[in-house]
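Residue numbers (the numbering used here): 403 to 653.
Beta carbons are placed, not taken as given, at the ideal position from N, Cα and C, and that holds for glycine.
Written out below as structure tokens is the structure these notes cover.
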Amino acid sequence: MVQEKTYNGIDVTIASDYEELGRLAANIILERIYSHPKMTLLVPTGTTPLGVYRVLRHQNPKIFKKATFLNMDEYCILVDDKMMLIPETHPNSYRRYMNENLFNRITPEASYFPGIENVKELGHYDNFIKNLGGIDLCLDSIGQDGHTFGFNHPGTSFDSRTRLIRINKETKEINRRLTGLETPEYAITTGLKTGVESREIIFLVSGERKADILYKVIYAVEPTPDIPATILRQHSNCIWIVDKKAASKLG
Ligand code: GLP
403 MVQEKTYNGI DVTIASDYEE LGRLAANIIL ERIYSHPKMT LLVPTGTTPL GVYRVLRHQN
463 PKIFKKATFL NMDEYCILVD DKMMLIPETH PNSYRRYMNE NLFNRITPEA SYFPGIENVK
523 ELGHYDNFIK NLGGIDLCLD SIGQDGHTFG FNHPGTSFDS RTRLIRINKE TKEINRRLTG
583 LETPEYAITT GLKTGVESRE IIFLVSGERK ADILYKVIYA VEPTPDIPAT ILRQHSNCIW
643 IVDKKAASKL G
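This is the structure in structure tokens:
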């Protein structure tokens with residue numbers, strides 16, 4: 403059963419479990435696509451959105467044929483002093499993840515990832531997004547250290563744009579445990595500003611391991627780069643959906 407609660411002035415939908423959280427988010431995405439088939443979406447990877455993608459890939463693939471998908475990040479490696487995206491065939495690749503979990507089953511108008519050109523030209527992807535007309539809907543999740551919109555670790559400026567980052571130790575270790583694979587050292591990620599400029603955001607938080615950070619995001623005295631996801635409190639059109647386990651410390 404879904405519950406609606408307000409914590410520190412933030413309206414939060416509490417799903418009973420991971421499956422329900424995925425269904426709720428997928429239903430909102432589908433509603434928006436039905437009324438605006440040409441929409442542009444910014445989407446994450448990780449374990450949190452898998453339930454959403456599971457629902458979406460079982461829809462009629464034609465629903466997505468006018469939609470454009472943009473991903474938040476992709477891993478990078480240094481080869482002979484040259485920074486490169488990891489190959490799409492690499493087991494860690496987010497291009498591969500998106501193909502396996504969604505794009506092999508639906509056929510969007512287009513799908514994009516932030517590329518290596520953002521190393522030299524900070525915000526190249528942001529300009530690209532701007533030329534597309536901006537992001538209509540962003541599906542967002544959070545890391546245990548509060549990172550959001552890709553890999554924007556604690557300390558990242560709220561004005562950050564798409565760029566190369568070095569993945570912090572904690573996230574490397576967490577992603578290693580989640581995937582069973584060694585986490586690459588670098589990634590190109592959208593910035594906090596890139597994500598927060600989306601016209602609408604669905605913010606998902608799932609599982610016991612996110613309960614502490616969700617508490618901090620909601621109750622921090624004010625939005626702060628020390629807890630990057632607090633930037634979402636400044637967005638006027640953000641739908642917060644969490645599951646019971648993630649909400650377990652909210653009181
Ligand atoms: C991917 C995302 C990260 C996220 C991680 C784990 O690596 N790029 O931002 O921290 O997945 O996410 P989740 O906790 O949803 O599994």
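Set against 6 Å, the gap from the CB of D475 to the closest heavy atom of the ligand GLP is smaller. The closest heavy atom of the ligand GLP lies 6 Å or more from the beta carbon of G535. Between the ligand GLP and the CB of G448, the shortest heavy atom gap is smaller than 6 Å. A contact is defined here as three or more CB-CB pairs under 8 Å, and the segment 564-573 meets this definition with respect to the segment 585-601.
Apart from the 5 residues on each side of it in sequence, D628 sits with its Cβ closer than 6 Å to the Cβ of P556 in its chain, given in chain order. The shortest CA-to-CA distance from L423 to any of W642, V521, G653 and H438 is the one to W642. Here DSSP, grouped into helix, strand and coil, assigns N429 to helix. Counting only residues of its own chain and dropping the five nearest sequence neighbours on each side, D561 has a CB closer than 6 Å to the CB of K595.
By the criterion of at least three beta-carbon pairs nearer than 8 Å, the segment 405-412 is not in contact with the segment 505-514.
Remark: the shortest separation between the CB of N577 and any heavy atom of the ligand GLP falls under 6 Å. Around R497, the same chain offers E476, E490 and F515 as residues with beta carbons nearer than 7 Å, after the five sequence neighbours per side are excluded. Apart from the 5 residues on each side of it in sequence, N554 sits with its Cβ closer than 7 Å to the Cβ of S562, T591, G593, L594 and P630 in its chain, given in chain order.
For D645, DSSP records a beta bridge to A417. Below 8 Å, enough C-beta pairs join the segment 595-608 and the segment 527-546 to call them touching: three or more. When the five nearest sequence neighbours on each side are left out, the beta carbons in the same chain lying within less than 7 Å of the beta carbon of L504 are those of Y455, L458 and R459, in order along the chain. A residue is called buried when at least 16 other Cβ atoms come within 10 angstroms of its Cβ; H438 does not meet this threshold and is exposed. Within the segment 530-564, the runs of beta strand (DSSP E) that reach at least 3 residues and sit entirely inside it are, in chain order, 539-542. For G545, the distance from the CB to the nearest heavy atom of the ligand GLP is below 6 Å.
At the C-beta level, A417 and D645 come within 7 Å of one another. When secondary structure is reduced to three states using DSSP, L652 falls in the coil class, being assigned neither helix nor strand.
DSSP, read as helix, strand or coil, puts S600 in coil.
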